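Here the structure comes first, spelled out in structure tokens, and everything after it is commentary.
In my numbering, the protein residues as written are 1071 to 1244.
Next up, the structure:
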């Protein structure tokens, strides 16, 4: 499939077959009616803005072979409240979950070594984050305006924390 195959279509459910290996850029871009998605274990890559703007998406299951979550892959999925990132993921790309304002729970596995620019920016309901020992770099504004974020665990292996990584985290106390 090429980019934007279902742009703004009134689809509630998309079944992705077990032979699919890549979710293309803008796959389900701006589909307000999509409520849940299950990405099978055959998928290794979720493309840029694949589910960007799916405002009703409240449940996303990511298969165990995904290595990278693309730029803005789940940006502005405003109903998404939790996400489990599988152990196969090594990179959370720029703005992957930006604007997921109802995201309360994020599990970042030990396989992740890089958290991109704005990856969790404007995720207002996140209260705590445990950054795994495998992470070495936290991008610009990665957790910017996570205003309910009150605690963060940053491991010794982190060598780069870029500008405003935790800017405007007004509840941050530890």
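Heads up, the beta-carbon is just placed ideally off N, CA and C, and yes, glycines get one too.
Just so you know, these numbers come straight off a predicted model, no measurement behind them.
Check whether the Cβ atoms of residue 1133 and residue 1113 lie closer than 8 Å to each other.
The residue you call residue 1133 lines up with position 63 of the chain shown. The residue you call residue 1113 lines up with position 43 of the chain shown. For the 8 Å CB-CB criterion, residue 1133 and residue 1113 form a contact.
* DSSP state of residue 1116 mapped onto helix, strand, coil -> The residue you call residue 1116 lines up with position 46 of the chain shown. If DSSP states are grouped into helix, strand and coil, residue 1116 belongs with the strands.
Requested in this report: In angstroms with no decimal places, state the Cα-to-Cα distance between residue 1173 and residue 1185.
Outcome: Within the chain shown, residue 1173 is the residue found at index 103, counting from 1. Within the chain shown, residue 1185 is the residue found at index 115, counting from 1. Between residue 1173 and residue 1185, the alpha-carbon positions lie close to 17 Å from each other.
Measure the Cβ-Cβ separation of residue 1230 and residue 1207 and say whether it is below 8 Å. Sequence index remark: in the chain shown, residue 1230 carries index 160 (1-based). Sequence index remark: in the chain shown, residue 1207 carries index 137 (1-based). Taking 8 Å as the cut-off, the Cβ atoms of residue 1230 and residue 1207 count as close.
Residue 1210: which of 1129, 1204 and 1190 sits nearest, CA to CA? Indexing the chain shown from 1 puts residue 1210 at position 140. Comparing Cα-Cα distances from residue 1210 to each of 1129, 1204 and 1190, the minimum goes to 1190.
Measuring alpha carbon to alpha carbon, tell me which residue in 1244, 1089, 1181 and 1125 is nearest residue 1161.
On the chain shown, residue 1161 is found 91 positions in, with the first residue counted as 1. Of the listed residues, the one whose Cα sits closest to residue 1161 is 1181.
### Query
Distance, Cα to Cα, residue 1238 vs residue 1086?
Residue 1238 sits at position 168 when you count from the first residue of the chain shown. Residue 1086 sits at position 16 when you count from the first residue of the chain shown. In this structure, the straight-line span from the alpha carbon of residue 1238 to that of residue 1086 is close to 38 Å.
**OP:** Could you please give me the residues that DSSP links to residue 1223 through a beta bridge?
**Re:** If you number the chain shown from 1, residue 1223 lands on position 153. According to DSSP, residue 1223 bridges with 1200.
Using 8 Å as the threshold, is the C-beta distance between residue 1165 and residue 1195 below it? Counted from its first residue, the chain shown places residue 1165 at position 95. Counted from its first residue, the chain shown places residue 1195 at position 125. It is not a contact, given that the beta carbons lie outside the stated cut-off.
Exercise. Going by CA-CA distance only, name the one from 1235, 1178, 1193 and 1123 that's closest to residue 1098.
Key: Here residue 1098 refers to the residue found at position 28 when the chain shown is read from its first residue. Closest in C-alpha terms to residue 1098, from the list 1235, 1178, 1193 and 1123, comes 1123.
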